[in-house]
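A.B. asks: The structure's right below; bear with me while I get my questions together.
Number of protein chains: 2
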Amino acid sequence: MPPHRDAITDVPGIRVGHWTDRRAATGCTVVLYPHGAVGGVDVRGGAPGTRETDLLDPLNLVEEVHAVLLTGGSAMGLDAASGVVRYLRERGYGFHLGPHTVPIVPGAVLFDLGVGRERWPDADAGYRAARGATGGRVEQGSVGAGTGATIAKLTGPDRRLKGGLGTASEFIDTGVIVGAIVAVNAVGVVRDPATGKVVAGVRDLEAAGVSRGRRQSRFVDIDAFLRTGRGWPQPGGEGAGEEPLEVAKGAADAGGSTTIAVVATNARLTKTQASRLATVCHDGFARAIWPVHTRGDGDTIFTLATGEVDVEGPGYLALEAMATRAVERAIVQGVRLATGLAGVPSASEWLAL
Amino acid sequence: MPPHRDAITDVPGIRVGHWTDRRAATGCTVVLYPHGAVGGVDVRGGAPGTRETDLLDPLNLVEEVHAVLLTGGSAMGLDAASGVVRYLRERGYGFHLGPHTVPIVPGAVLFDLGVGRERWPDADAGYRAARGATGGRVEQGSVGAGTGATIAKLTGPDRRLKGGLGTASEFIDTGVIVGAIVAVNAVGVVRDPATGKVVAGVRDLEAAGVSRGRRQSRFVDIDAFLRTGRGWPQPGGEGAGEEPLEVAKGAADAGGSTTIAVVATNARLTKTQASRLATVCHDGFARAIWPVHTRGDGDTIFTLATGEVDVEGPGYLALEAMATRAVERAIVQGVRLATGLAGVPSASEWLAL
Numbered sequence: 002m003p004p005h006r007d008a009i010t011d012v013p014g015i016r017v018g019h020w021t022d023r024r025a026a027t028g029c030t031v032v033l034y035p036h037g038a039v040g041g042v043d044v045r046g047g048a049p050g051t052r053e054t055d056l057l058d059p060l061n062l063v064e065e066v067h068a069v070l071l072t073g074g075s076a077m078g079l080d081a082a083s084g085v086v087r088y089l090r091e092r093g094y095g096f097h098l099g100p101h102t103v104p105i106v107p108g109a110v111l112f113d114l115g116v117g118r119e120r121w122p123d124a125d126a127g128y129r130a131a132r133g134a135t136g137g138r139v140e141q142g143s144v145g146a147g148t149g150a151t152i153a154k155l156t157g158p159d160r161r162l163k164g165g166l167g168t169a170s171e172f173i174d175t176g177v178i179v180g181a182i183v184a185v186n187a188v189g190v191v192r193d194p195a196t197g198k199v200v201a202g203v204r205d206l207e208a209a210g211v212s213r214g215r216r217q218s219r220f221v222d223i224d225a226f227l228r229t230g231r232g233w234p235q236p237g238g239e240g241a242g243e244e245p246l247e248v249a250k251g252a253a254d255a256g257g258s259t260t261i262a263v264v265a266t267n268a269r270l271t272k273t274q275a276s277r278l279a280t281v282c283h284d285g286f287a288r289a290i291w292p293v294h295t296r297g298d299g300d301t302i303f304t305l306a307t308g309e310v311d312v313e314g315p316g317y318l319a320l321e322a323m324a325t326r327a328v329e330r331a332i333v334q335g336v337r338l339a340t341g342l343a344g345v346p347s348a349s350e351w352l353a354l
Numbered sequence: 002m003p004p005h006r007d008a009i010t011d012v013p014g015i016r017v018g019h020w021t022d023r024r025a026a027t028g029c030t031v032v033l034y035p036h037g038a039v040g041g042v043d044v045r046g047g048a049p050g051t052r053e054t055d056l057l058d059p060l061n062l063v064e065e066v067h068a069v070l071l072t073g074g075s076a077m078g079l080d081a082a083s084g085v086v087r088y089l090r091e092r093g094y095g096f097h098l099g100p101h102t103v104p105i106v107p108g109a110v111l112f113d114l115g116v117g118r119e120r121w122p123d124a125d126a127g128y129r130a131a132r133g134a135t136g137g138r139v140e141q142g143s144v145g146a147g148t149g150a151t152i153a154k155l156t157g158p159d160r161r162l163k164g165g166l167g168t169a170s171e172f173i174d175t176g177v178i179v180g181a182i183v184a185v186n187a188v189g190v191v192r193d194p195a196t197g198k199v200v201a202g203v204r205d206l207e208a209a210g211v212s213r214g215r216r217q218s219r220f221v222d223i224d225a226f227l228r229t230g231r232g233w234p235q236p237g238g239e240g241a242g243e244e245p246l247e248v249a250k251g252a253a254d255a256g257g258s259t260t261i262a263v264v265a266t267n268a269r270l271t272k273t274q275a276s277r278l279a280t281v282c283h284d285g286f287a288r289a290i291w292p293v294h295t296r297g298d299g300d301t302i303f304t305l306a307t308g309e310v311d312v313e314g315p316g317y318l319a320l321e322a323m324a325t326r327a328v329e330r331a332i333v334q335g336v337r338l339a340t341g342l343a344g345v346p347s348a349s350e351w352l353a354l
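Here the protein sequences come in this chain order: A and B.
FYI, in the numbering used here the residues of the first sequence are 2 to 354.
FYI, in the numbering used here the residues of the second sequence are 2 to 354.
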């Protein structure tokens, strides 16, 4: 067994690289497996930005994927994939068609244009992320595709917190390893599924002066808020003339809320199984983020199976189940390790106030 | 506002009827809206048994659904839909094509043949369920489609507990009401998402003599179990010759694990929105059942929108979010209210031992 770093790089051969621009609050993350892994995808959000996802349909021809790009910059950020393709081609990695080499690099974007300067990862950024990719420890938090990520935007940008990039892995005794890396950028709040508690929610600005002992109450009660359907009564009275907190007009439609992930395993999976694994992994999103998979989310999960270890019935069930655990832990981790950027505080900074 | 019964029947015009055979441990549940509601569906499990789901594709013609059938009996249970169709036709409800009346009754099945006698709901059973449907209080637990439902089958049938039928509703201040009814039949265990605690898990038979104060430990630690990938060491030593608990050979494939639901709302939704609502509602399954959406599950959710109340952006987000809450609460409710049947104890019976 390789060392357990609790990272997607625990899967042998998987390398991760980031390109980060903290001033512009954007970046990208590349997950490399240059020899080609069986790939899958499930696009669940209502407002996705993706490339090379159609070829991952189990009905279609190409089986192998050489890298996956997770990137900020909304639709423009897809440019970064060109750099990853160039990096792989220069080294002879790709799908070989006679004398031609065609690297397959699916990718998905998140919207971070409203944080920091308006800039997005370009082809050069993607190239650098790929060139810097290693199999060791993975930097987490406000880095790579998580650099400009934000969360908890139900009432608009004023109360948002930093999202971030997180990773986690699970080891199964049969030798199967599964790891996830997630860039968390959601309209919803993040909760730890193990306890049901909010890790990073919509900031209750009115409760900012409350003592540290009552920290949990420093987030708005989202259930109560959503039950209003539109407005949140400000504390201090029910009188007229007070401005209610409102569900942000754009919250449901802006594309400002998109969580994107790669799940990798050393298991031998068919393309159909890789696709099904991507579907199940959205359950990890559902447990750690709420609400999620909304019309304005582009929530997308890619899977990579490197084919080193056989799995059968029960082992396959264990792989699916523990993969969702890795996803939910990566989400909580990414948000916990995030640091404030471009005026947006992290959850830990907010709770320490 | 109508009275809040915390049931799908809180949605005006929605009626629910059960047919129950406790001796054979099977049954069916019909959700009626004879005047026709805009329908949607999301089939997420890997082993579904359904009818009339293709017409619910937003690309296809028919917009309105007159009833939904949830039933035991596996594929044979689909017979019950014929009785629901007959009931509606006799009363003139359906899609009118010149002199012809064609009621639209989508449905989904769960596998309960391994509980009690091998019998399934037939057309007469469906007719009776429809005829008995009312808008009032909804009977829950081991009733209707939940009669033969079981859960927590990761290690096979020996340690399973009774699943059941549950319902819940959420009221949004804008006048939108959303209710769910769920027949919970899962290979996985049921947890309360509010606390992360297991409500009904795989019974730890070896810990049966433990005092009431340590009840939580009376369920097997499923994470630890799944991490073995196949075996669960019996307590009392690590020596050779002991029989490990194994993931049931059929657990991943048997079709014995299928949770099926109907979510109804008085909101005015397009067919596309109804379809999207069904997709989001699977997040409620993900939060309350683990693992879920496996290859052996036929997990399916139908939606019905009666069109009485307009929703726009923020209200739509609130509807989606609170619908998933209704789903998760209905699941926990169904399992909490289940009673033992055909030798399978309920969680409350097991915890009271």
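Here a beta-carbon is modelled for each residue, glycine too, at the ideal position from N, C-alpha and C.
(1) Beta-carbon of H294 (chain A) versus every beta-carbon of chain B: anything under 8 Å?
(2) Quick one, which residues of the segment 153-180 of chain B are near chain A if we go by CB-CB under 9 Å, in chain order?
(3) T175 (chain B) to T229 (chain A), Cα distance in whole Å?
(4) In chain B, what lies closer than 8 Å to P194 (chain A) by C-beta?
(5) May I ask you to verify whether the segment 312-325 of chain A touches the segment 157-167 of chain A, counting CB pairs closer than 8 Å and requiring at least 3?
(6) Does the beta-carbon distance from G180 (chain A) to A265 (chain A) come in below 8 Å?
(7) Could one say the Cβ of E309 (chain A) lies closer than 8 Å to chain B's Cβ atoms, at least one of them?
(8) Within 8 Å (strictly less), CB to CB, does R52 (chain B) reach chain A?
(9) Please classify D11 (chain B) as buried or exposed, where buried requires at least 16 other C-beta atoms within 10 Å of its C-beta.
(10) Mind listing the chain B neighbours of T229 (chain A)? Cutoff is C-beta to C-beta under 9 Å, in chain order.
(11) Report the rounded CA-to-CA distance for P100 (chain A) versus I182 (chain B), giving the unit in angstroms.
(12) Please classify N61 (chain A): is it buried, with 16 or more other beta-carbons within 10 angstroms of its beta-carbon, or exposed?
(13) For chain A, is any of its Cβ atoms less than 8 Å away from the one on A275 (chain B)?
(14) At least one CB of chain B closer than 8 Å to the CB of M323 (chain A): is that the case?
(15) If I measure Cβ to Cβ from G136 (chain B) and keep anything under 6 Å in the same chain, skipping five residues before and after, which residues do I get?
(16) Could you tell me the alpha carbon to alpha carbon distance between A81 (chain B) and V199 (chain B), rounded to whole angstroms?
(17) Contact between the segment 274-285 of chain A and the segment 33-46 of chain A is defined here as three or more beta-carbon pairs at a separation below 8 Å; is this criterion met?
(18) Spatial neighbours of D311 (chain A) within its chain, please: CB distance less than 8 Å, with the 5 preceding and 5 following residues excluded, ordered by chain position.
(19) Whole angstroms is fine: what's the gap from V32 (chain A)'s alpha carbon to V69 (chain A)'s?
(20) May I have a chain-ordered list of the beta strand (DSSP E) segments no shorter than 3 residues that lie completely inside the segment 170-211 of chain B?
(21) Identify whether P245 (chain A) lies in helix, strand or coil by the three-state DSSP scheme.
(22) Consider the Cβ of V281 (chain A): report whether some Cβ of chain B lies at a distance smaller than 8 Å.
(23) When you compare the CB positions of R204 (chain A) and L162 (chain A), do they come within less than 8 Å of one another, or not?
(24) Along the chain, where does the alpha helix (DSSP H) that runs through R132 (chain B) open and close?
(25) Counting only beta-carbon atoms, is D284 (chain B) nearer than 8 Å to chain A?
(26) Going by beta-carbon coordinates alone, are L71 (chain A) and I105 (chain A) separated by less than 8 Å?
(27) By Cβ distance below 7 Å, which residues in the same chain neighbour H67 (chain B) in space, the five residues on each side in sequence not counted?
(28) What three-state label does DSSP hand H101 (chain A) in the structure shown?
(29) Between R129 (chain A) and chain B, is any beta-carbon pair separated by less than 8 Å?
(30) Looking only at its own chain, which residues have a Cβ that is under 7 Å from the Cβ of V144 (chain B), when we skip the five neighbours before and after it?
(31) I'd like to check one pair, I302 (chain B) with V191 (chain B): are the Cβ atoms closer than 8 Å?
(32) Using the Cβ count rule (16 or more neighbours within 10 Å means buried), how would you classify P122 (chain A)?
(33) Does the CB of P47 (chain A) have a neighbour CB from chain B at under 8 Å?
(34) Please list the partners that D58 (chain A) has in chain B, where partner means a Cβ-to-Cβ separation under 9 Å.
(35) I want to verify the contact list: residues of chain B whose CB lies under 8 Å from the CB of R326 (chain A), in sequence order.
(36) Identify, in the order they occur along the chain, each residue of the same chain with its Cβ nearer than 8 Å to the Cβ of D125 (chain A), setting aside the five sequence neighbours on each side.
C.D. replies: By the coordinates alone:
(1) yes
(2) L155, E171, F172, I173, D174, T175, G176, V177
(3) 7 Å
(4) P194, G197, R288
(5) no
(6) yes
(7) no
(8) no
(9) buried
(10) I173, D174, T175, A319
(11) 58 Å
(12) exposed
(13) no
(14) yes
(15) T10, R16
(16) 34 Å
(17) yes
(18) A268, R269
(19) 5 Å
(20) 178-185, 190-193, 198-201
(21) Below a pLDDT of 50, predicted positions are generally treated as unreliable, and P245 (chain A), at 49, falls in that range; no measurement from the model is reported.
(22) yes
(23) yes
(24) 124-132
(25) yes
(26) no
(27) Y34, P35, G37, L89, Y94, G95, P104, I105, V106
(28) strand
(29) no
(30) H19, T21, G28, L166
(31) no
(32) buried
(33) The sequence shown places Gly at residue 47 (chain A), not Pro. Taking Cβ atoms only, chain B reaches closer than 8 Å to G47 (chain A), which makes this a yes.
(34) Within 9 Å Cβ-Cβ: nothing; D58 (chain A) doesn't reach chain B, min ~17 Å.
(35) D224
(36) G84
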